[in-house]
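J.:
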Amino acid sequence: MSPYDRIRRAIIDGTFQPGVLLTESALGAWVGTSRTPVREALGRLEQDGLISRTGRGIAVIDRTPEEILDVYEAWIALEVTAARVAAVRHGLLDRGRLERLTEASERVDRRDARAMVDVGSAFHRAVWQASCNRSLIDLLERLHPQLLRHAVTASAAPARWDEALAEHRAMVVAITDRDPERAGEATERHVRAARDVHLAMWEQGST
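Spelled out as structure tokens, the structure:
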């Protein structure tokens, strides 16, 4: 795993909490590499919107509820569009990939938040790929790291995973039925539900 991937995963899964200051030397020792690859990784993570450079150093970004809402609203707009287009353009390989990932999601260990996020992320990427729209895919890939931070929180909520599975199944049925309107509606319900769970957990943690 590259320094970028290791540091990004640590930010996403909460090993490096929001507000935590990072240094190139400490990260180099943690990853087991020189400072140059770490510096390059930090540049990419800054572009991803996961860290920022401050007067004190490099910090994991701590988003406000308003900023979290902004991320979700952008996700809704892009993912709904991707699902609608996927319902029209998807091929047999896309259909098989979506069905396999839905089955994999049903087998995942509910106690393993990271595994749930990984398979959920793969499912959403399969929806994007099924749209066959490179511009949409590129935009979603740029937003994706910020979505993953929120997904870890939302997936850890009691019973949320089973609800998400039902929502994924509804998305797959609509896409494979080539019904763009229903695919968009199912996708919007899914993302809004994840947003609501995440914000509720944020509010509980802040009280």
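Letter 102 of the sequence shown, counting from 1, is numbered 93 in the numbering used here, and no numbers are missing. Even glycine gets a Cβ: it sits at the ideal position worked out from N, Cα and C.
Whether or not the stretch 99 to 113 and the stretch 58 to 78 are in contact is what I'm after, with contact meaning three or more pairs of Cβ atoms, one per stretch, closer than 8 Å; do they touch?
T.: Because the criterion of three Cβ pairs below 8 Å is not met, the stretch 58 to 78 and the stretch 99 to 113 do not touch.
J.: Mapping DSSP to helix, strand and coil, what is Val188?
T.: Translated into the one-based positions of the sequence shown, residue 188 becomes position 197. In the three-state reduction of the DSSP assignment, Val188 falls in the helix class.
J.: Determine the burial state of Glu137: buried for a count of at least 16 other Cβ atoms within 10 Å of its Cβ, exposed for fewer.
T.: Here the question's residue 137 lines up with position 146 in the sequence shown. The amino acid at residue 137 is misidentified as Glu; the sequence shows Gln. Around the beta carbon of Gln137, a 10 Å sphere encloses 16 or more other beta carbons of the protein chains shown; the residue is thus reported as buried.
J.: To test your reading of the DSSP string, which unbroken alpha helix (DSSP H) runs of 4 or more residues are found completely within the stretch 101 to 146?
T.: Inside the stretch 101 to 146, DSSP marks whole alpha helix (DSSP H) runs of 4 or more residues at positions 104 to 121 and 125 to 146, from first to last along the chain.
J.: Out of curiosity, what's the CA-to-CA distance linking His115 and Trp21?
T.: Counted from its first residue, the sequence shown places residue 115 at position 124. Counted from its first residue, the sequence shown places residue 21 at position 30. So the alpha carbons of these two residues sit roughly 31 Å apart.
J.: Quick one: residues in its chain with C-beta nearer than 7 Å to the C-beta of Arg(-3), no 5 flanking neighbours on either side, listed in chain order?
T.: For the purposes of this step, residue -3 is identified with residue 6 of the sequence shown, where counting begins at 1. The residues are Val22.
J.: Between which two residues does the beta strand (DSSP E) harbouring His48 extend?
T.: For the purposes of this step, residue 48 is identified with residue 57 of the sequence shown, where counting begins at 1. Per the sequence shown, residue 48 should be read as Gly rather than His. Run containing Gly48: Gly48 to Val51, per the beta strand (DSSP E) assignment.
J.: Which residues share a DSSP beta bridge with Thr45?
T.: Mapped onto the sequence shown, residue 45 falls at position 54. Within the DSSP bridge table, the entry for Thr45 names Gly48 as partners.
J.: What residues are listed by DSSP as bridge partners for Leu13?
T.: As a position in the sequence shown, residue 13 is number 22, starting the count at 1. Leu13 is bridged to Ile49.
J.: How far does the alpha helix (DSSP H) with Ala68 in it reach, from first residue to last?
T.: Here the question's residue 68 lines up with position 77 in the sequence shown. Counting along the chain, the alpha helix (DSSP H) containing Ala68 begins and ends at Pro56 to Arg80.
J.: Could you check the C-alpha separation between Leu190 and Val79 for me, to the nearest Å?
T.: For this step, residue 190 is matched to residue 199 along the sequence shown. For this step, residue 79 is matched to residue 88 along the sequence shown. So the two alpha carbons sit approximately 33 Å from each other.
J.: With burial defined as no fewer than 16 other Cβ atoms inside 10 Å of the residue's Cβ, what is the status of Met(-8): buried or exposed?
T.: Looking up residue -8 in the sequence shown gives position 1. Exposed is the call here.
J.: Can you list, in chain order, the residues of its chain with a C-beta nearer than 8 Å to that of Thr14? Leave out the 5 residues immediately preceding and following it.
T.: Here residue 14 corresponds to residue number 23 of the sequence shown, with the count starting at 1. Here the set comprises Gly48 and Ile49.
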